[in-house]
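Heads up, the thing below is written out as structure tokens.
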RNA sequence: GCACAGGUGGCCGAGCGGUUAAUGGCAGCAGACUGUAAAUCUGCCGCUCCUUGCGAGCUACGGAGGUUCGAAUCCUCCCCUGUGCA
């Protein structure tokens, strides 16, 4: 049974208000997905992530493969059960690690050889292997194994990288389709199956992006992602790439912009027609003392907040803002108390989720096209 | 009282005759983080001034003298701390 994605409303600007019926959760879109790389949205317990309203969170193939190992997770009933997350999940394929672990890996047509960042041991990742791992993890959505092209990349480099990603996409899909019945919860979801998304690459070259999108659509994935953006390129280019690609993707399938972004970005791209986004920013920035508020950025470590008894964000109803002061959060940061990471992350996630909630409302009330 | 070992910038701690306003670390101040090698990384961190520069002046390595062209570094005395012996 293929992924059911309903577009409930769409706007002249291309924005869509939708609902994605994943095996573990009906997800209201556009959606922001907190990142939980190693089976945890860092510093925030699952029940809190849930109560903040997150419906879909990420996990990472590479990290979970290294620790505790996908076979172990399969034996324990899959990732959902292992981490006790009842709602939807998506696993990234390890493609981003091809990019971020650039010093520790070697890429060939066959796949990637990584050196573990944990103990230096050698591991190979090919599209087929990434699929096997992701099937064992059993997220609602798996991602094709891709190469996230760096910026800047010459046209030749972007083209070669794209060739690899398209080749890997085909192999990912074919292996996934052949084995997707092996997902740990196969018999428990009324015939709903795990889904696989393809990933558009092409660097900052419009024609390559176009080519990438068209070829992926031909392959017929359950959804489509735009990858390789927000990797250092100017914002203008990011927008151009998104604007070029979105119209080429099927209207009845979800569109996922990977790894983006700042609060204003997720709003902007959602209004352009992106249905899903994920980003480490709210949680990582939180751990480093940066809060995103309705008034903009706030570095809560700053001395000026030492005795400020206001809540971090005067307009925020999140658990952190309801109960704690700027002075207290600053104090926790200064003492490096783990609670600082937790409370800050809760606020930032709430802020991101709230932005998307508002965008959904606004798309819903916008004139239907 | 005697014998050792020590006293260095907010703290800890290197340096033991000259590129030394003085290595490091911590604390402090500020900045950065975009499919998480990130509770990480970067910058500043004696005082004053300006034409903000591998700029100028001042003060500084327990205290006071001394040796030397030059001392945190060597010598003398004093003060203090730790350990051991009385």
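Numbering (this note's numbering), first residue to last: 1493 to 1861. C-beta: ideal position from N, C-alpha, C; glycine also.
Range of the contiguous beta strand (DSSP E) that encloses residue i
i	result
residue 1718	1715 to 1718
residue 1540	Looking at the DSSP string, residue 1540 is not in any beta strand (DSSP E); the run it does join, the alpha helix (DSSP H), is 1538 to 1543.
residue 1681	Residue 1681 -> no beta strand (DSSP E), and no H or E assigned at all.
residue 1831	Counting along the chain, residue 1831 falls outside any beta strand (DSSP E), though it belongs to the alpha helix (DSSP H) covering 1830 to 1857.
residue 1615	1614 to 1617
residue 1650	Premise fails: residue 1650 lies in the alpha helix (DSSP H), 1647 to 1671, not in any beta strand (DSSP E).
residue 1517	1517 to 1521
residue 1605	1604 to 1607
residue 1583	1580 to 1584
For residue i, the first and last residue of its enclosing alpha helix (DSSP H)
i	result
residue 1587	1587 to 1592
residue 1558	1553 to 1558
residue 1635	Segment 1633 to 1635 is the beta strand (DSSP E) holding residue 1635; no alpha helix (DSSP H) there.
residue 1772	Note, residue 1772: premise wrong, no alpha helix (DSSP H); not H, not E.
residue 1737	1727 to 1737
residue 1530	Note, residue 1530: premise wrong, no alpha helix (DSSP H); not H, not E.
residue 1820	1818 to 1826
residue 1700	1698 to 1711
residue 1749	No alpha helix (DSSP H) contains residue 1749, which is instead part of the beta strand (DSSP E) from 1747 to 1749.
residue 1811	1811 to 1815
residue 1741	Looking at the DSSP string, residue 1741 is not in any alpha helix (DSSP H), and its letter there is neither H nor E.
residue 1564	1562 to 1567
Beta bridge counterpart(s) of residue i as assigned by DSSP
i	result
residue 1501	1509
residue 1789	1784
residue 1761	Answer is none; residue 1761 lacks a bridge partner.
residue 1690	1716
residue 1597	1606
residue 1524	1769
residue 1549	1581
residue 1514	1517
residue 1496	1513
Distance, residue j Cα to residue i Cα
i	j	result
residue 1550	residue 1791	26 Å
residue 1663	residue 1713	12 Å
residue 1511	residue 1649	37 Å
residue 1574	residue 1582	14 Å
residue 1505	residue 1827	47 Å
residue 1700	residue 1593	24 Å
residue 1708	residue 1775	31 Å
residue 1824	residue 1795	13 Å
residue 1801	residue 1817	5 Å
residue 1863	residue 1732	The structure shown has nothing for residue 1863, since the chain only spans 1493 to 1861.
residue 1804	residue 1596	40 Å
residue 1651	residue 1607	26 Å
residue 1808	residue 1783	12 Å
residue 1837	residue 1742	35 Å
residue 1718	residue 1730	10 Å
residue 1494	residue 1685	7 Å
residue 1690	residue 1744	15 Å
residue 1633	residue 1715	9 Å
residue 1851	residue 1529	26 Å
residue 1844	residue 1789	13 Å
residue 1849	residue 1611	41 Å
residue 1658	residue 1829	45 Å
residue 1793	residue 1598	40 Å
residue 1560	residue 1777	26 Å
Same chain, Cβ closer than 6 Å to residue i, neighbours up to 5 away in sequence not counted
i	result
residue 1833	1535, 1779
residue 1579	1516, 1517, 1547
residue 1625	1553, 1557, 1562
residue 1643	1723, 1724, 1725
residue 1623	1664, 1667, 1668
residue 1521	1510, 1512, 1767
residue 1750	1717, 1719
residue 1687	1495, 1633, 1714
Contacting residues, own chain, Cβ-Cβ under 7 Å from residue i (five flanking each side not counted)
i	result
residue 1798	1819, 1822
residue 1752	1721, 1722, 1758, 1761, 1769, 1771
residue 1765	1506, 1507, 1508, 1738, 1747
residue 1831	1824
residue 1569	1676
residue 1660	1619, 1636, 1637, 1638
residue 1540	1838
residue 1498	1510, 1511
residue 1647	1697
Same chain, Cβ closer than 8 Å to residue i, neighbours up to 5 away in sequence not counted
i	result
residue 1703	1654, 1694
residue 1613	1607
Expected contact under 8 Å - CB spacing of residue i and residue j to nearest Å
i	j	result
residue 1553	residue 1585	5 Å
residue 1565	residue 1631	Not quite, the Cβ-Cβ distance comes to about 11 Å (not below 8 Å), so this is no contact.
residue 1526	residue 1841	6 Å
residue 1603	residue 1621	7 Å
residue 1692	residue 1705	5 Å
residue 1531	residue 1500	Not really, about 32 Å apart at Cβ, beyond 8 Å.
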